[in-house]
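Here is the structure we will look at.
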Amino acid sequence: SPTGSPTATPGTPTASPVTGAPTASPTASPTGAPDVLGSISGYVVEDTNNDDVGDDPIEGVVIMLMDGSGTTVATTLTDDSGFYEFTDLTLGSYTVEEINDDDIPLDVSDAVSPNDNMIPVTLTDEAPDAIGRNFTDEATRTVSGTVEKDTDGDGNGDEAIPGVLITVVFQNGTEVTTVTDSDGAFLFDGLPPGEYSIESTNSPLAPVSVRDSPDFDNTNANGPDLIEVNTGLGDSLDLVFVDREATAAPTSGPTASPTGSPTATPGTPTASPVTGAP
1 SPTGSPTATP
11 GTPTASPVTG
21 APTASPTASP
31 TGAPDVLGSI
41 SGYVVEDTNN
51 DDVGDDPIEG
61 VVIMLMDGSG
71 TTVATTLTDD
81 SGFYEFTDLT
91 LGSYTVEEIN
101 DDDIPLDVSD
111 AVSPNDNMIP
121 VTLTDEAPDA
131 IGRNFTDEAT
141 RTVSGTVEKD
151 TDGDGNGDEA
161 IPGVLITVVF
171 QNGTEVTTVT
181 DSDGAFLFDG
191 LPPGEYSIES
201 TNSPLAPVSV
211 RDSPDFDNTN
221 ANGPDLIEVN
231 TGLGDSLDLV
241 FVDREATAAP
251 TSGPTASPTG
261 SPTATPGTPT
271 ASPVTGAP
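Just so we're aligned: 216 in the UniProt record's numbering is position 216 of the sequence shown, and the numbers increase by one with no gaps anywhere.
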């Protein structure tokens, strides 16, 4: 016999299946292109022959980098080839400043600026790397020598003359002066390279100019108390001015008049000598 009534037909489900809500759309924006970074580099060189062109590298020069507000953002030193470089810089405006070396303090030129120790630089997407931002500097010059007295008339200096006024006259008319020391020596330091005149103002101790060096043959049309120098290639040392005492002027001739006409020649005696009686 059947075990029982057949199983009832399943009814309609009373609830829909539960499913998770779809994942929301991503909210993060796509990652952008990396920022472009720039660099600034150049050389510091010395003009050794006064032609306004760099000849030798200068090592150890301080180079400062300032941003658009004038704030210093980096500092570096030139290497043994005179090279400097700033890297990983955000794009924008900068100024590169050179702090001159104590031994080579004169600014000759820089790459692009009328201010010879500051270079403005702008880094852009199109030109993020600024190269060849170079500085050219020059050393000062020294001029030295002595003023000497010729005491024996041979044309050579024998004794030092202290207190002599020595003047450097530049081509633009500017002058600087000094006086000789107790050894008759004079020294001018820190002069710019170029051509100028060295003048000696004679001392009362030896007011007559004899000659100067290197013009010892006195062919210099400027005379023996002026030396023309050119320090474009370096210092001008060991100059010599030779002076002497004034020679006493000879007298014009005897000033005393003759005492008179000479005494007449004695005549013949007119009488015999008187003798006593024997």
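Where a beta carbon is used, it is the ideal one built from N, C-alpha and C, also for glycine.
Return helix, strand or coil for residue i, following the three-state DSSP convention.
i	result
Asp129	strand
Pro105	coil
Gly173	coil
Ser213	coil
Pro204	coil
Thr219	Low confidence applies here, because Thr219 scores a pLDDT of 46, under 50, leaving its location unreliable; read the following figure in that light. The answer is coil: DSSP assigns Thr219 none of H, G, I, E or B.
Gly157	coil
Asp51	coil
Ser81	coil
Asp238	strand
Pro34	coil
Asp181	coil
Whole-angstrom Cβ separation of residue i and residue j, contact assumed at under 8 Å?
i	j	result
Asn134	Gly42	4 Å
Val53	Thr78	With a Cβ gap of about 18 Å, Val53 and Thr78 do not count as contacting.
Pro192	Thr140	7 Å
Ala160	Gly184	3 Å
Phe186	Ser144	7 Å
Gly82	Val44	5 Å
Pro162	Thr177	So it is not a contact: roughly 15 Å between Cβ atoms.
DSSP beta-bridge partners for residue i?
i	result
Thr95	Met66, Pro120
Thr72	Met66
Pro193	Looking at the DSSP assignment, Pro193 forms no beta bridge with any residue, so it has no partner.
Val44	Phe135
Asp243	Lys149, Ser209
Ile58	Answer is none; Ile58 lacks a bridge partner.
Asn230	Glu195
Asp110	Phe135
Thr140	Answer by DSSP bridge pairing: none, since Thr140 is not bridged.
Val164	Answer by DSSP bridge pairing: none, since Val164 is not bridged.
Thr87	According to DSSP, which records beta bridges pairwise, Thr87 is partnered with nothing at all.
Residues in the same chain with beta-carbon distance under 8 Å from residue i, minus the five sequence neighbours each way, listed in chain order, please.
i	result
Asp212	Ser200, Asn220, Pro224, Asp225, Leu226, Ile227, Leu239, Val240, Phe241, Val242
Gln171	Gly194, Glu195, Tyr196
Glu46	Gly54, Asp55, Asp56, Pro57, Ile58, Ile104, Thr136, Asp137, Glu138, Ala139
Val121	Ile40, Ser93, Tyr94, Thr95, Val96, Ala130, Arg133
Ala246	Pro207, Val208
Just to confirm my understanding: we take residue i, look at its own chain, exclude 5 residues before and 5 after, and list those with CB closer than 6 Å. What are they?
i	result
Glu85	Ser41
Asp110	Asp116, Ile119, Phe135
Ile99	Val62
Asn230	Glu195
Thr146	Gly184, Ala185, Val240
Could you compute how far the alpha carbon of residue i sits from the alpha carbon of residue j?
i	j	result
Ala130	Val36	14 Å
Glu138	Gly234	11 Å
Val73	Val112	21 Å
Val164	Asp154	21 Å
Ser88	Thr76	Contrary to the premise, residue 88 reads as Asp rather than Ser in this sequence. One C-alpha to the other measures close to 14 Å.
Thr71	Asp80	28 Å
Thr95	Ser203	54 Å
Asn218	Gly157	In this prediction, Asn218 has a pLDDT of 45, which is less than 50 and means its spatial position is unreliable; what the coordinates show is noted afterwards. One C-alpha to the other measures close to 15 Å.
Asp101	Ile198	28 Å
Asn49	Gly232	6 Å
Gly190	Val108	15 Å
Phe188	Leu65	36 Å
Ser182	Asp152	21 Å
Leu106	Gly173	20 Å
Pro34	Asp51	46 Å
Which same chain residues, not among the five before or five after residue i, have their C-beta less than 7 Å away from its C-beta?
i	result
Arg244	Lys149, Asp150, Ala206, Val208, Val210
Leu91	Val36, Gly38, Leu123, Thr124, Asp125, Pro128
Glu175	Thr167, Val168, Val169
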